[in-house]
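Enquirer: Mind having a look at this structure? Questions to follow.
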Amino acid sequence: MGCRSDRVPGDPRSGEGCHPIGRGGWNWSRLVKPAPFDYCRPSTVTEALEALSSAESSRVLAGGQSLVPAMNFRLTDVSLLVDINRIEGLASVDCDPGGVTVGAAATQTQVLDHDGAASVVSGLRAALRHVGHLQIRNRGTVCGSLAHADPAAELPALAVASDAVIAVSGPDGERRIDAADFFIGAFWTALDDGELITEVRFPAEPPGSMTIVDEISRRAGDFAVAGLVATVEAEGGAVRGARLVGFGLGGVPTRLEATEAAIRDWAPDHPADTLAEAVMADTADAFDDIHATSWYRREAVAALTVRAARRALAAAEAA
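Following this line, the structure appears as structure tokens:
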């Protein structure tokens with residue numbers, strides 16, 4: 039399997055011949071580097087689970103776009119990294135009329151560029167266009183974003199909006215978790231110790247629907263100050279149904295159920311205030327932080343909801 043405590047040459051000026059990963063002969067205390075850790079690259083899921091169970095502070099490494107920076111800033115304690123990129127089948131993206139299945143090691147760019155996936159679940163491409171920058175998407179994984187569970191991230195909100203199902207393997211076998219039950223709090227999921235995500239299944243979108251992912255952020259590629267995933271069914275100049283999930287509002291993606299009821303049969307000549315009032319009711323628990331007030335976030339999602347409805351109606355009329 040290749041689990042080991044890797045050694046790399048030290049700085050000859052320090053008098054040290056070798057050192058664990060993350061520690062050199064220079065004064066690393068003045069730099070941002072991780073604490074020493076072991077590294078393992080299994081070739082099967084079974085080997086990966088054995089490795090995860092062998093250390094108290096083991097973590098799964100897929101793309102590492104969130105985990106590695108956290109290690110560098112020493113915000114997380116990791117004694118063993120279990121690299122799943124060599125496990126056969128985990129980098130697959132499989133499409134069928136019923137949905138899209140994304141393996142744990144499939145990169146965000148891989149899914150973004152997959153025309154078959156976009157034709158079945160358009161929300162995947164819509165969400166991934168907002169995720170980071172090209173360099174991040176080239177390494178970051180879809181399942182890794184779900185496991186990280188950043189409350190301002192697009193993919194967890196898409197998973198909840200689309201009723202995605204997350205497949206998990208662990209010491210007690212396999213289980214499948216609905217996305218609505220997977221996210222418990224900020225950076226906190228239903229994964230138990232020793233478990234890893236093997237794939238996520240996004241069901242096909244309803245016929246005649248359109249998924250829109252929109253957000254307010256300080257800069258392109260930044261995490262959202264507030265955002266919305268909207269799967270909207272429009273016909274005859276009016277909204278016939280919608281699934282709405284806000285993100286960047288609290289610890290987990292926020293289902294906007296009152297707004298879903300208010301938007302049904304809404305048309306552009308109807309007052310936008312009815313939607314805004316429903317959004318304000320759905321987002322009463324939105325938090326304040328250094329980036330925005332609760333009031334600002336709620337107003338932003340209200341504006342995004344009206345914009346999504348108008349965009350879906352315009353697309354339906356043009357079709």
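According to this note's numbering, the residues represented by the sequence shown are 39 to 357, in order. Cβ atoms here follow ideal geometry from the backbone N, Cα and C, with glycine treated the same way.
Kindly indicate which three-state DSSP category Pro-241 falls into: helix, strand or coil?
Expert: strand
Enquirer: With distances taken between CB atoms, is the gap from Ala-26 to Val-267 smaller than 9 Å?
Expert: Look at the range of the chain in this structure, 39 to 357, and you will see that residue 26 is not part of it.
Enquirer: Figure out for me which residue from Ile-301, Asp-327, Asp-307 has the closest Cα to the Cα of Ala-340.
Expert: When the alpha-carbon of Ala-340 is set against those of Ile-301, Asp-327, Asp-307, the nearest one is in Ile-301.
Enquirer: Please report the distance separating the alpha-carbon of Trp-304 from that of Val-270.
Expert: 11 Å
Enquirer: Cβ atoms of Ala-142 and Gly-182: under 9 Å apart, would you say?
Expert: A contact, by the Cβ cut-off of 9 Å.
Enquirer: Could you tell me the distance, in whole angstroms, from the CA atom of Val-140 to the CA atom of Val-238?
Expert: 5 Å
Enquirer: Could you spell out the range, first to last residue, of the alpha helix (DSSP H) harbouring Arg-97?
Expert: No alpha helix (DSSP H) contains Arg-97, which is instead part of the beta strand (DSSP E) from 96 to 99.
Enquirer: Taking only the alpha-carbon atoms, compute the straight-line gap between Gly-137 and Arg-256 and give it to the nearest angstrom.
Expert: 33 Å
Enquirer: Going by alpha carbons, who is nearest to Gly-154 out of Glu-192, Cys-133, Leu-184, Gly-208?
Expert: Cys-133
Enquirer: Leaving aside the five residues before and after Ala-242 along the sequence, list all residues of the same chain whose C-beta is less than 6 Å from its C-beta, in chain order.
Expert: Gly-136, Gly-137, Val-158
Enquirer: Using alpha carbons as the reference points, say which of Asp-151, Glu-192, Val-251, Pro-291 lies closest to Phe-325.
Expert: Closest in C-alpha terms to Phe-325, from the list Asp-151, Glu-192, Val-251, Pro-291, comes Pro-291.
Enquirer: Nearest to Ala-93 by CA position, among Pro-107, Ala-164, Val-116, Ala-73, is which residue?
Expert: Val-116
Enquirer: For Trp-304, write down the residues that DSSP places opposite it in a beta bridge.
Expert: DSSP output for Trp-304 lists no bridge partner at all.
Enquirer: For Arg-61, which residues from the same chain have a beta carbon less than 7 Å from its beta carbon, with the 5 sequence-adjacent residues on both sides left out?
Expert: With a pLDDT of 41 at Arg-61, under the threshold of 50, the modelled position of that residue is not reliable, and the figure given next carries that caveat. Around Arg-61: Pro-74.
Enquirer: State the Cα-Cα distance for the pair Pro-58 and Gly-178, rounded to the nearest angstrom.
Expert: Confidence is the limiting factor: at Pro-58 the pLDDT is only 43, short of 50, which leaves the residue's position unreliable, though a coordinate-based value still follows. C-alpha separation (whole angstroms): 25 Å.
Enquirer: Taking Cβ positions, are Arg-349 and Ala-264 nearer each other than 9 Å?
Expert: no
Enquirer: With H, G and I counted as helix, E and B as strand and the rest as coil, what does DSSP make of Pro-58?
Expert: Here Pro-58 scores only 43 on pLDDT, less than 50, and its place in the model is too uncertain to base an answer on.
Enquirer: How big is the Cα-Cα spacing for Arg-213 and Val-198?
Expert: 18 Å
Enquirer: Could you pull the DSSP bridge partners for Ile-328 from this structure?
Expert: Ile-328 pairs with nothing; no bridge assigned.
Enquirer: So, at 6 Å on beta carbons, what are the nonlocal neighbours of Trp-66 in its own chain, with the 5 sequence-adjacent residues on each side left out?
Expert: Note that Trp-66 has pLDDT 49, beneath the 50 cutoff, so the model's placement of it is unreliable and the number below is only indicative. Contacts found: none.
Enquirer: Have a look at Arg-112, Val-149, Ala-276, Glu-85 and flag the residue whose alpha-carbon is nearest the alpha-carbon of Ser-130.
Expert: Val-149
Enquirer: With a threshold of 7 Å on Cβ separation, who are the neighbours of Gly-223 within its own chain once the five nearest residues in sequence on each side are excluded?
Expert: Once the five neighbours on either side are set aside, the close Cβ partners of Gly-223 are Gly-289, Val-290.
Enquirer: Whole angstroms is fine: what's the gap from Leu-119's alpha carbon to Lys-71's?
Expert: 15 Å
Enquirer: Per DSSP, what are the beta-bridge partners of Ile-125 in this structure?
Expert: Ile-125 pairs with nothing; no bridge assigned.
Enquirer: If you run the structure through DSSP and keep just helix, strand and coil, what is Arg-167?
Expert: coil
Enquirer: For the alpha helix (DSSP H) that Trp-175 lies in, which residues bound it at each end?
Expert: The amino acid at residue 175 is misidentified as Trp; the sequence shows Arg. First-last of the alpha helix (DSSP H) with Arg-175: 172 to 177.
Enquirer: So Leu-87 and Pro-209 are supposed to be a Cβ contact under 8 Å. How far apart are they, rounded?
Expert: 6 Å
Enquirer: Compare the beta carbon distance of Phe-111 and Pro-189 with 9 Å and say whether it is the shorter of the two.
Expert: For the 9 Å CB-CB criterion, Phe-111 and Pro-189 do not form a contact.
Enquirer: Would you mind sorting His-171 into buried or exposed? The rule is 16 or more other CB atoms within 10 Å of its CB.
Expert: exposed
Enquirer: Among residues of its own chain, excluding the 5 on either side of Arg-68, which ones have a beta-carbon nearer than 6 Å to its beta-carbon?
Expert: Interpretation of Arg-68 is limited by its pLDDT of 47, a score under 50 that renders its predicted location unreliable; the figure taken from the coordinates is listed afterwards. There are no such residues.
Enquirer: Do Ala-272 and Leu-351 have their beta-carbon atoms positioned less than 9 Å apart in this structure?
Expert: Taking 9 Å as the Cβ cut-off, Leu-351 and Ala-272 qualify as a contacting pair.
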